[in-house]
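A.B. asks:
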Amino acid sequence: MELSGYWRNMLSVATAVALLSLAPPLARTARAQSPSPASSTATSNENDIRAATLLFYAAFNSALHGNLAPMSAVWSHRPDVTSLSAAGGHAKGWNEVYAGFQNMARLYPGGSIEARDMTVVAGKDMCYSVCIETGQLRSSEGPMVKFNQRATNIFRLEGGSWKLIHHHADSNLNEADASASR
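Heads up, the sequence shown is in this note's numbering, so the first residue is 47 and it goes up one at a time.
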């Protein structure tokens with residue numbers, strides 16, 4: 047069944063809101079089930095960062111369909127945040143990072159992106175995830191283009207929540223990496 051643009055956007059928004067509402071209960075459950083105090087912080091933070099990374103990609107998909115509110119919710123708004131997109135450029139500070147996502151939403155209306163082959167390294171108040179971003183984008187004047195690219199996402203604990211402070215993606219995958227992630 048083919049959905050109109052309006053209903054696709056509404057479905058994307060509903061998905062992002064549902065994912066955003068699940069993260070805190072999932073994080074509490076992960077902490078409650080952790081086996082020992084020494085490993086509980088690492089395990090809990092690893093689970094939290096996996097959830098935060100998935101929320102970022104849900105927010106990214108929402109932005110590709112015109113709703114940037116979830117993107118604003120997952121990012122830190124401090125002046126030290128940065129983004130190095132696969133399209134090039136270096137955004138520094140929340141205003142530049144947000145403008146970059148606004149521009150991407152304008153240039154590529156539609157499409158989807160997801161994280162595959164995720165690895166998480168958790169610290170006490172800073173953590174990161176690395177993954178392969180895969181998906182498809184449609185330029186405003188062209189067909190859907192499939193892509194696979196490497197990505198790094200760095201998070202900082204701010205006010206009890208993990209906020210994205212850096213995203214870096216590049217399309218420098220070798221052929222073996224690209225085919226393994228399909």
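Yeah, the Cβ is synthetic: ideal placement off N, Cα and C, and Gly gets one too.
Take GLY156 and list the residues in its own chain whose beta-carbon comes closer than 6 Å to its own, dropping the five residues that flank it on each side.
C.D. replies: So the qualifying residues of the chain are ARG184.
A.B. asks: Looking at the secondary structure, which residues open and close the alpha helix (DSSP H) in which VAL244 lies?
C.D. replies: Outside the shown range of the chain (47 to 228) lies residue 244, about which nothing can therefore be said.
A.B. asks: Please report how far the alpha carbon of ALA148 lies from the alpha carbon of GLY181, in whole angstroms.
C.D. replies: According to the sequence displayed, residue 148 carries Gln and not Ala. GLN148 and GLY181: Cα-Cα distance of roughly 19 Å.
A.B. asks: For a quick check, are the C-beta atoms of ARG196 and SER122 less than 9 Å apart?
C.D. replies: no
A.B. asks: To the nearest angstrom, report how far apart ASN194 and ASN113 are at their CA atoms.
C.D. replies: 23 Å
A.B. asks: Could you check the C-alpha separation between LYS246 and GLY188 for me, to the nearest Å?
C.D. replies: No answer is possible for residue 246: it lies beyond the span of the chain, which begins at 47 and ends at 228.
A.B. asks: CA-CA distance, PHE102 and SER186?
C.D. replies: 23 Å
A.B. asks: Let's test the definition: count the other Cβ atoms within 10 Å of the Cβ of ARG96 and tell me whether it reaches 16, buried, or not, exposed.
C.D. replies: Only buried fits ARG96, as 16 or more other CB atoms lie within 10 angstroms of its CB.
A.B. asks: Is it the case that the Cβ atoms of ARG152 and GLU179 are separated by a distance below 9 Å?
C.D. replies: no
A.B. asks: Report the rounded CA-to-CA distance for GLY146 versus SER90, giving the unit in angstroms.
C.D. replies: 31 Å
A.B. asks: Please name the residue or residues paired with THR198 in a DSSP beta bridge.
C.D. replies: As a beta-bridge residue in DSSP terms, THR198 pairs with VAL176, HIS214.
A.B. asks: When the Cα of GLY205 is compared with those of THR198, ARG124, ASN199, which residue comes out closest?
C.D. replies: ARG124
A.B. asks: Give me, in chain order, the residues of the same chain whose beta-carbon lies closer than 6 Å to that of VAL143; leave out the 5 immediate sequence neighbours on both sides.
C.D. replies: VAL127, SER129, ALA137, listed in sequence order.
A.B. asks: Once DSSP output is grouped into helix, strand and coil, what is the label at ARG124?
C.D. replies: coil
A.B. asks: Just curious, the alpha helix (DSSP H) that ALA168 is in, first and last residue?
C.D. replies: Here ALA168 belongs to no alpha helix (DSSP H); instead the beta strand (DSSP E) covers 158-168.
A.B. asks: Please report the distance separating the alpha-carbon of PHE106 from that of ILE159.
C.D. replies: 7 Å
A.B. asks: Comparing C-alpha positions only, which one of LEU110, SER118, GLU92, ALA132 sits nearest to TRP140?
C.D. replies: SER118
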